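Just so you know, we're using our numbering here: the sequence shown kicks off at 1382 and counts up by one.
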Amino acid sequence: MRNIKLGLCLALLLGLTGCKSTALYDWGEYDENLYEYYHDPIAAKEFPAVLEKHLEQLESKNLRPAPGLYAEVGTFKLKSGDTKEAIAFYKKEASTWPESAPLMDALVKNLERQSDK
């Protein structure tokens, strides 16, 4: 009887260790990079490129990025004066995360209106 209980406990333990939850989306090393962005002026210049590279890696693996990452890269593009790329990233954010579509669509609409002037 004792051996049966021990065997069941071991089987349960092995079964549970084999379970791994998968994330809905991938943040990568966003939190560490964001910390560096705010605390290290040199790293701040590299942060947009690091985010964009992370997104490229996710896209190549058909993985879903975390909410807001496309929009954040779009904002960096906008700050650097690349409105066309910013719009592209805002549109990706809206299509990846439909709940962000109203805000992203408004941003895109305003940027396109400004570009037409």
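Cβ coordinates follow ideal geometry from the N, Cα and C atoms, glycine included.
Please read these numbers as outputs of a predicted model, since none were measured by experiment.
Tell me the residue span of the alpha helix (DSSP H) that contains residue i.
| i | result |
| --- | --- |
| serine 1496 | 1482-1497 |
| tyrosine 1502 | The structure shown does not extend to residue 1502, since the chain spans only 1382 to 1498, so no value can be given for it. |
| alanine 1452 | 1450-1460 |
Go ahead and pull the three-state DSSP assignment for residue i.
| i | result |
| --- | --- |
| proline 1422 | helix |
So residue i and residue j are supposed to be a Cβ contact under 8 Å. How far apart are they, rounded?
| i | j | result |
| --- | --- | --- |
| arginine 1425 | tyrosine 1416 | The residue asked about is misnamed: residue 1425 is alanine in this sequence, not arginine. The Cβ separation is near 11 Å, so there is no contact. |
| glycine 1462 | glutamate 1474 | Not really, about 20 Å apart at Cβ, beyond 8 Å. |
| isoleucine 1468 | glutamate 1493 | 7 Å |
| alanine 1499 | aspartate 1407 | Outside the displayed span of the chain (1382 to 1498) sits residue 1499, for which this structure offers no information. |
Which residues does DSSP pair with residue i in a beta bridge?
| i | result |
| --- | --- |
| aspartate 1407 | Pro1446 |
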